[in-house]
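Visitor: Have a look at this one before I ask anything.
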Amino acid sequence: MPQTDAQLPNWIVWRQRPFPDANLLFVDGKHPAMIDSGFVGHAEETLDWVRSRTTKLDLVVNTHWHSDHVGGNGLLQRSGAGIAASAVDAASVMRRDVGCCVAEYLDQPVTPYTVDVALSDGQSLRLGDADWQVVATPGHTPGHLALWQPDERVLAVGDALSDYDVGWVNLALDGSDAAVTAVESLSRLRDLSPRVVLPAHGRIPPDPVAVFNNALRRAQRLVDDPAGAVWYGMRRIFGFALMIRGGIASAQAQRYLCERQWLIDAAGLLGTTPRELARELVDSMVKNGSVVVADERLLAAAEHAPVAPQALDVAFPRDWPPA
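Mapping to my numbering: the sequence shown position 277 is 262, numbers consecutive.
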C-alpha cells in the first residue's frame, strides 16, 4: 500500500491496512503523533512503522476504543507515548470497567493501557506542528470522535464512515437511538466540507461529497430497519472473529456463537433463540460469500492479515492491573 497520498501535506503520512487493523496515520512535526494504533496481534509491526518515522512519539489519539484501534496502545505507551481518548472512553478505561473497550463482550483482546489525555468536543489538540479540533461523533460507539485539521481541511473520521461503508451500531448496548445518533454525527462531519477524508478502514475516498452522501443513505437504512441494523452488526462482529482466529471449526461455530453475549442480545432484539440465530447467521454469511468453508473450517472471505494465535492470549479488562 502507498505510504503517502498526493492530497495530503508531506507532514501527514497515511497507510492503508487490511483488517483486523485500522489504517496507520502519522502526523510529523515537533509533537509527533498518530491516530489509532491497530490490532494487538500486529502491535510490534505498528511500533516498527512508527520508529521508522520518529524516535519519540508524543501521543496516540484513539478515535474510539474497539480492539482494531487501540491494540497497539500498550506497547506504544511502554515505549514513551501518551494516549489520548474521548472523556467517555478515558473514564471507563481508567476505572477498569468490565465493559471497557467492549473487549469481553465482543471477545476481542486488548492489552492494558491507561489514558493520559481525556478529550472533549471542540477541544484543540496539537499534533505535529498543527492544531486539530476534536469532533464528538457518537454512534458507532458512544465515545467515538473525529479529528479535524481546518487549515488543510483534513478530517480523520475513524469508523464513522469509509469509502464503501458506515460503522455498525450496537442497539443492544447503546440503545435504540444509536443509529439516529450516527446519522447526526455524519451530518455534522459533512457540514465541515472536508477536502480530504481519512477513514480508519479502506482507501481515501476520491470524492468527499459523494462519500458523505452515500454514508448518510446507508446510515439512514440502519435507522429505518432496526432488525437490519442488528444483522449488519452481527455479520461484522462474526467476520472479525473469524479473521483474528484464522477461522473457526465448522463443528464448533454454533457453540462459539451461542456463548457470545452480543449474539444472545441480538437474539433478544430479533425475537428468536441464540441457537436458531447462530445457525441462520452462519448459513446467511456462507450464502452471501462473506464466509467460506474449507477443510471443515469457517473462514472470513474478506482480505485480512493473519494473527498469531498467542497474540489473543490477553486478559480481559476485568483482570487488568489497576490504572
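All C-beta atoms in this analysis are idealised placements derived from N, C-alpha and C, irrespective of residue type, glycine included.
1) Would you mind listing the beta strand (DSSP E) stretches within the segment 19 to 107 that are 3+ residues and don't spill past its ends, in chain order?
2) DSSP state of D250, grouped into three classes?
3) Does the segment 146 to 153 touch the segment 69 to 83, meaning 3 or more C-beta pairs lie closer than 8 angstroms?
4) Just verifying my parser: in three-state terms, what is the DSSP assignment at Q(-12)?
5) Could you spell out where the alpha helix (DSSP H) holding P259 opens and where it closes?
6) If contacts are defined as beta-carbon pairs under 8 angstroms, then S52 and V95 qualify, I think. What distance do you get, rounded to the angstrom?
7) With DSSP as the reference, please indicate the residues paired to R282 in a beta bridge.
8) Taking the alpha-carbon of I20 as reference, which of A167, D92, H129 and P193 has the nearest alpha-carbon?
9) Nearest-angstrom Cα distance between R240 and V168?
10) Only counting the same chain, and skipping five residues up and downstream in sequence, which positions put a Cβ closer than 7 angstroms to that of Q(-12)?
11) Spatial neighbours of Y217 within its chain, please: C-beta separation below 6 angstroms, excluding the five flanking residues on both sides.
12) First and last residue of the alpha helix (DSSP H) that includes G14?
13) Out of curiosity, what's the CA-to-CA distance linking Q246 and P259?
14) Which term fits S161, buried or exposed, when burial requires 16 or more other beta carbons within 10 angstroms of its beta carbon?
15) Less than 7 angstroms separating the beta-carbons of V215 and L255?
16) Determine the DSSP secondary structure at S109, reduced to helix, strand or coil.
17) Are the beta-carbon atoms belonging to A296 and V83 less than 7 angstroms from one another?
18) Can you name, in chain order, every residue of its own chain whose Cβ lies under 7 angstroms from the Cβ of R188, other than the five neighbours on each side?
19) Can you round the beta-carbon distance between A76 and D43 to whole angstroms, since I take them to be within the 8 angstroms contact cut?
20) Which residue marks the beginning of the beta strand (DSSP E) containing D116, and which one marks its end?
21) When you compare only the Cα positions, how much space is there between F301 and A88?
22) Taking the DSSP output, what are the residues bridged to I(-3)?
Guide: Reading off the structure:
1) Taking only runs of at least 3 residues, the beta strand (DSSP E) segments lying wholly in the segment 19 to 107 are 44 to 46, 67 to 71 and 102 to 104.
2) In the structure shown, D250 sits in a helix (DSSP, three-state: H, G or I).
3) Not touching, per the Cβ criterion.
4) Residue confidence is low: Q(-12) scores 40 on pLDDT, short of 50, so the model does not pin down where it sits. No coordinate-derived value is stated.
5) Counting along the chain, the unbroken alpha helix (DSSP H) around P259 starts and ends at P259 to K272.
6) Yes, they are in contact, since the Cβ atoms of S52 and V95 sit about 5 angstroms apart, within 8 angstroms.
7) Looking at the DSSP assignment, R282 forms a beta bridge with A234 and A279.
8) When each option's Cα is compared against that of I20, the closest is H129.
9) So the alpha carbons of these two residues sit roughly 35 angstroms apart.
10) Caution applies to Q(-12), whose pLDDT of 40 falls short of 50 and renders its modelled position unreliable; the value that the coordinates give is listed next. Cβ neighbours of Q(-12) beyond the five flanking positions: V(-2) and R0.
11) Excluding positions up to five away in sequence, the list reads W153.
12) It is not in any alpha helix (DSSP H) - G14 carries neither H nor E in the DSSP assignment.
13) The alpha-carbon atoms of Q246 and P259 are separated by roughly 10 angstroms.
14) Counting every other CB atom within 10 Å of its CB across the protein chains shown gives S161 a total below 16, marking it as exposed.
15) Taking 7 angstroms as the Cβ cut-off, V215 and L255 qualify as a contacting pair.
16) Three-state DSSP puts S109 in a strand.
17) No, the pair does not count as a contact, with Cβ atoms beyond the cut-off.
18) Q1 and D148.
19) About 22 angstroms separates the two Cβ atoms, so there is no contact after all.
20) Segment A115 to A121, the beta strand (DSSP E) holding D116.
21) Taking C-alpha positions only, F301 is separated from A88 by approximately 7 angstroms.
22) In the DSSP assignment, the residues bridged to I(-3) are V12.
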